[in-house]
Amino acid sequence: MSETVQTGASIAGATGIASGLGDQGAKEVAAIIAVALFVIGGAEVLLRLFEVPQFILPTPSAIAGVFFSREIPTICEHYAYTMIELLAGYAIGASIGLVLAAVITQFPFVEKVITPYILLLVTTPMLALVPLLILNFGFGFTPRIIAVALASGPMVMINAATGFRRVDTMKIALARSCGASTLQTFTKIRIPMAMPMVIVGLMIGAIFGMITAVGAEMSGGGFGLGSRLTTYSSTLRMPEFFACIAILAVTGITIYAFFFWLGKRLAGWES
Amino acid sequence: MQRIKGKALNIRGATKTYRTQSGEVLALKDVDLTVRPGEFISVVGPSGCGKTTLLWSVAGLHKLTSGAIALGEEWITGPHPSIGMMFQEANLLPWRTIRKNIELPFEVRGHRPDTARIDMFLQRVGLGGFGDKMPRELSGGMQQRASIVRALASDPTVLLMDEPFGALDAFTRDEMNKLVEEIWLESRKTVILITHSIAEAVFLADKVYIMSARPGQIARVVDIPFARPRPLELMETREFFELVNMIKHDIQHQPPARPAVATA
Chain A
3 MSETVQTGAS IAGATGIASG LGDQGAKEVA AIIAVALFVI GGAEVLLRLF
53 EVPQFILPTP SAIAGVFFSR EIPTICEHYA YTMIELLAGY AIGASIGLVL
103 AAVITQFPFV EKVITPYILL LVTTPMLALV PLLILNFGFG FTPRIIAVAL
153 ASGPMVMINA ATGFRRVDTM KIALARSCGA STLQTFTKIR IPMAMPMVIV
203 GLMIGAIFGM ITAVGAEMSG GGFGLGSRLT TYSSTLRMPE FFACIAILAV
253 TGITIYAFFF WLGKRLAGWE S
Chain B
678 MQRIKGKALN IRGATKTYRT QSGEVLALKD VDLTVRPGEF ISVVGPSGCG
728 KTTLLWSVAG LHKLTSGAIA LGEEWITGPH PSIGMMFQEA NLLPWRTIRK
778 NIELPFEVRG HRPDTARIDM FLQRVGLGGF GDKMPRELSG GMQQRASIVR
828 ALASDPTVLL MDEPFGALDA FTRDEMNKLV EEIWLESRKT VILITHSIAE
878 AVFLADKVYI MSARPGQIAR VVDIPFARPR PLELMETREF FELVNMIKHD
928 IQHQPPARPA VATA
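Protein chains in written order, with the working numbering: chain A, 3 to 273; chain B, 678 to 941.
1. When you compare each of A:Thr232, A:Leu123, A:Pro110, A:Ala96 to Gly203 (chain A) by their alpha carbons, which one comes out closest?
2. If contacts are defined as beta-carbon pairs under 8 Å, then Asp883 (chain B) and Phe717 (chain B) qualify, I think. What distance do you get, rounded to the angstrom?
3. Determine, for Ala939 (chain B), whether the minimum Cβ-Cβ distance to residues of chain A falls below 8 Å.
4. How is Leu176 (chain A) classed by DSSP in three states: helix, strand or coil?
5. From the DSSP output, in three-state form, read off Gly22 (chain A) for me.
6. What are the residues that DSSP puts in a beta bridge with Arg655 (chain B)?
7. Unbroken alpha helix (DSSP H) runs of length 4 or more, entirely within the segment 825-895 of chain B: which are they?
8. At a cut of 8 Å, does the segment 251-264 of chain A reach the segment 687-704 of chain B through at least three beta carbon pairs?
9. In terms of residues, what are the limits of the beta strand (DSSP E) holding Ser719 (chain B)?
10. When we look at the beta-carbon of Thr914 (chain B) and count the other beta-carbons within 10 Å, is it buried (16 or more) or exposed?
11. Check each residue of the segment 151-172 of chain A: if its Cβ is closer than 8 Å to any Cβ of chain B, include it; give the result in chain order.
12. Measure the Cβ-Cβ separation of Ala149 (chain A) and Gly207 (chain A) and say whether it is below 8 Å.
13. Anyone know if the C-beta pair for Thr2 (chain A) and Arg178 (chain A) falls short of 8 Å?
14. Applying a beta-carbon distance threshold of less than 7 Å, which residues of chain B neighbour Arg278 (chain A)?
15. Is there a Cβ of chain B sitting closer than 8 Å to that of Gly181 (chain A), yes or no?
16. Please report the distance separating the alpha-carbon of Ser221 (chain A) from that of Val112 (chain A).
17. Please classify Arg786 (chain B) as buried or exposed, where buried requires at least 16 other C-beta atoms within 10 Å of its C-beta.
18. Please report how far the alpha carbon of Trp752 (chain B) lies from the alpha carbon of Leu686 (chain B), in whole angstroms.
19. Do the segment 238-253 of chain A and the segment 54-65 of chain A touch if we need at least three Cβ pairs shorter than 8 Å?
20. Quick one, which of B:Leu862, B:Gly843, B:Pro908, B:Met762 has its alpha-carbon nearest Ser734 (chain B)'s?
21. From the DSSP output, read off the bridge partner residues of Trp752 (chain B).
22. Whose C-alpha, out of B:Asn854, B:Met853, B:Glu784, B:Pro906, is nearest the C-alpha of Ala830 (chain B)?
23. Please work out which residues of its chain come closer than 6 Å, Cβ to Cβ, to Gly749 (chain B), disregarding the five sequence neighbours upstream and downstream, and give them in chain order.
24. Report the three-state DSSP secondary structure of Leu769 (chain B) (helix, strand or coil).
25. From Ser743 (chain B) to Leu703 (chain B), what does the alpha carbon distance come to, in whole angstroms?
26. Of all the options B:Leu741, B:Pro723, B:Ala736, B:Glu701, which has the alpha carbon lying nearest to the alpha carbon of Val708 (chain B)?
27. Determine the DSSP secondary structure at Arg794 (chain B), reduced to helix, strand or coil.
28. Anything in the segment 768-786 of chain B with a Cβ closer than 7 Å to a Cβ of chain A? List those residues in chain order, please.
29. At a Cβ cut of 7 Å, what residues of the segment 913-926 of chain B count as close to chain A, listed as they run along the chain?
30. Within the segment 138-174 of chain A, note down every full beta strand (DSSP E) run reaching 3 residues or more, in order along the chain.
31. Would Ala896 (chain B) and Gln931 (chain B) be called neighbours here (beta carbons separated by less than 8 Å)?
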């Protein structure tokens with residue numbers, strides 16, 4: 003499916019597949035695949051018909067060809083670096099974001115004081131900070147992991163905080179009337195109530211993290227899929243360039259589909 | 678099952694003031710009330726008369742400004758394991774199955790749920806086989822049945838009911854009232870029922886306490902003479918009707934006059 007994702011239309015189609023997996027019929031999946039094939043086939047035909055040069059816009063078949071070329075081990079290696087940065091940065095950012103959200107929402111005053119800084123972090127494009135981070139931490143993994151953590155953490159936090167702020171007095175009273183401690187009220191009432199928003203936050207955070215990882219790689223360091231994008235575009239190797247884009251798009255869709263599934267499992271009660 | 682166990686519930690001088698932006702509001706003033714073991718009482722009164730505040734204080738969810746509540750020899754200063762509570766609407770946790778909802782009180786206290794008793798109760802209220810359903814799959818009446826089971830599963834001696842059937846349609850409400858009376862006759866809990874429906878209060882209770890608003894005080898106590906078990910047809914009798922009207926009249930003409938919101 004990797005080569006299907008080069009136009010906006012087929013991204014939407016693939017997202018449809020992801021969200022339809024659970025409850026929609028095979029008929030719809032078939033229709034989605036048919037549309038995707040039509041879009042890709044159409045692109046192939048049009049690009050060949052108008053003889054568009056490969057270095058401007060490569061045909062889908064040329065992009066697919068990259069996945070069977072000798073370039074693929076290199077691409078895979080760099081993709082692995084990107085994933086390491088994403089996983090490490092996201093693990094740090096998301097855990098700090100979750101804990102902060104859970105804690106500060108219990109103290110409205112602290113929340114008022116901290117929120118402006120979180121908003122500042124959310125609205126600042128972390129990519130702008132990458133050159134500064136490189137200056138301080140060199141060209142290794144460190145500045146990228148920090149950038150990913152800074153991009154994903156506040157996104158997770160701000161959404162999770164919205165979830166933890168939902169107070170249902172009656173449900174909390176219920177737990178307390180059974181003798182629940184503050185901690186039990188938290189684990190048995192507040193966390194499940196926050197879960198839908200927590201998952202939304204985790205998803206947005208992961209996607210922002212991926213974008214930031216790739217962007218940071220484009221700013222220098224010479225490794226990671228982002229650096230490949232820079233190399234391929236500057237050497238006009240467009241099929242390889244688009245193959246990398248396709249890999250990233252599929253990664254993004256996988257992240258989305260995973261959290262969609264997780265949301266159904268953990269927060270399906272709120273449809 | 679006709680054993681009347683448990684202890685009298687005593688409320689003495691219960692006073693509660695709330696601090697609001699426009700100053701202090703006296704929600705309850707010197708409320709004295711005794712519920713004998715196994716007695717069923719209802720509390721009615723205009724909106725904002727403090728009846729819910731009173732009930733939540735007995736549940737240990739509110740702290741009184743002054744006065745005290747005791748169950749037998751024991752002061753009530755917080756939630757008490759012998760006191761079960763039913764809330765407005767069913768108040769089930771939507772992310773838990775019916776069974777998991779019922780097990781919540783056990784879980785919180787670190788006890789193993791009494792599965793046999795829960796199953797028996799589910800059968801008793803007509804929810805046999807619904808234990809693994811999610812709350813949203815059940816009708817409002819069925820959800821309230823589950824919430825009765827949750828309140829009673831850990832076998833408390835006192836049951837507090839905070840306008841539990843307000844959101845149900847009239848037919849379901851009658852059905853629930855009948856069920857509550859039956860269960861009460863079987864188990865003889867000490868019950869305090871807060872309700873907006875005077876008919877419900879009269880139908881279920883041994884005594885109806887009428888409260889006045891601001892400050893919330895007990896204005897009058899009415900003994901309900903009807904023999905038990907009470908058939909639903911009781912509600913169509915002249916005696917029942919007159920009693921309900923008298924109470925309604927009482928609520929509407931309390932000094933100081935407040936717009937009465939109570940409806941039958």
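Heads up, the beta-carbon is just placed ideally off N, CA and C, and yes, glycines get one too.
So, to answer that:
1. Locating residue 203 (chain A) in the first sequence gives position 201, counting from the first residue. Here the closest residue by C-alpha is A:Ala96.
2. Stepping through the second sequence from its first residue, residue 883 (chain B) is reached at position 206. Stepping through the second sequence from its first residue, residue 717 (chain B) is reached at position 40. That pair is a contact at about 5 Å.
3. The count along the second sequence starts at 1 and reaches residue 939 (chain B) at position 262. Low confidence applies here, because Ala939 (chain B) scores a pLDDT of 41, under 50, leaving its location unreliable and the question unanswered by this model.
4. Counted from its first residue, the first sequence places residue 176 (chain A) at position 174. Looking at Leu176 (chain A) - three-state DSSP - the assignment turns out to be helix.
5. Sequence index remark: in the first sequence, residue 22 (chain A) carries index 20 (1-based). Caution applies to Gly22 (chain A), whose pLDDT of 48 falls short of 50 and renders its modelled position unreliable; the value that the coordinates give is listed next. Three-state DSSP puts Gly22 (chain A) in a helix.
6. Residue 655 (chain B) cannot be examined here, being either before or after the span of chain B that is shown, 678 to 941.
7. 847-864, 875-881
8. no
9. Along the second sequence, read from residue 1 onward, the residue named residue 719 (chain B) stands at position 42. Run containing Ser719 (chain B): 717-721, per the beta strand (DSSP E) assignment.
10. As a working note, residue 914 (chain B) is residue 237 in the second sequence. Exposed, by the Cβ-count rule.
11. Met172
12. Along the first sequence, read from residue 1 onward, the residue named residue 149 (chain A) stands at position 147. Along the first sequence, read from residue 1 onward, the residue named residue 207 (chain A) stands at position 205. Cβ atoms of Ala149 (chain A) and Gly207 (chain A): not closer than 8 Å.
13. Given that chain A is displayed from residue 3 to residue 273, the structure contains no residue 2 (chain A) and the question cannot be resolved.
14. This structure does not reach residue 278 (chain A), given that chain A is present from 3 up to 273, and the question cannot be answered.
15. On the first sequence, position 179 is the one that residue 181 (chain A) refers to. It does; some Cβ of chain B falls within 8 Å.
16. For the purposes of this step, residue 221 (chain A) is identified with residue 219 of the first sequence, where counting begins at 1. For the purposes of this step, residue 112 (chain A) is identified with residue 110 of the first sequence, where counting begins at 1. Using only the alpha carbons, I get a separation of about 36 Å.
17. As a first step, residue 786 (chain B) must be located in the second sequence, where it is residue number 109. Exposed.
18. Position 75 of the second sequence, counting from 1, holds the residue named residue 752 (chain B). Position 9 of the second sequence, counting from 1, holds the residue named residue 686 (chain B). When rounded, the distance between both Cα atoms is 10 Å.
19. Yes, the segment 238-253 of chain A is in contact with the segment 54-65 of chain A.
20. As a first step, residue 734 (chain B) is located in the second sequence; it is residue number 57 there, counting from the start. Closest option to Ser734 (chain B), Cα to Cα, is B:Met762.
21. Indexing the second sequence from 1 puts residue 752 (chain B) at position 75. DSSP lists B:Ala747 as partners of Trp752 (chain B).
22. Here the question's residue 830 (chain B) lines up with position 153 in the second sequence. Nearest of B:Asn854, B:Met853, B:Glu784, B:Pro906 to Ala830 (chain B), Cα basis: B:Glu784.
23. For this step, residue 749 (chain B) is matched to residue 72 along the second sequence. Closer than 6 Å at Cβ, skipping near neighbours: Lys684.
24. Numbered from its first residue, the second sequence carries residue 769 (chain B) at position 92. Coil.
25. On the second sequence, residue 743 (chain B) is found 66 positions in, with the first residue counted as 1. On the second sequence, residue 703 (chain B) is found 26 positions in, with the first residue counted as 1. When rounded, the distance between both Cα atoms is 12 Å.
26. By 1-based counting over the second sequence, the position of residue 708 (chain B) is 31. Relative to Val708 (chain B), the option among B:Leu741, B:Pro723, B:Ala736, B:Glu701 whose CA is nearest is B:Leu741.
27. For the purposes of this step, residue 794 (chain B) is taken as residue 117 along the second sequence, with counting starting at 1. Note: Arg794 (chain B) maps to helix in three-state DSSP.
28. Cβ contacts with chain A come from Asn768, Leu770, Pro771, Trp772, Leu781, Pro782, Val785, Arg786.
29. Cβ contacts with chain A come from no residue of the segment 913-926 of chain B.
30. none
31. Numbered from its first residue, the second sequence carries residue 896 (chain B) at position 219. Numbered from its first residue, the second sequence carries residue 931 (chain B) at position 254. Yes, these two residues count as a Cβ contact at 8 Å.
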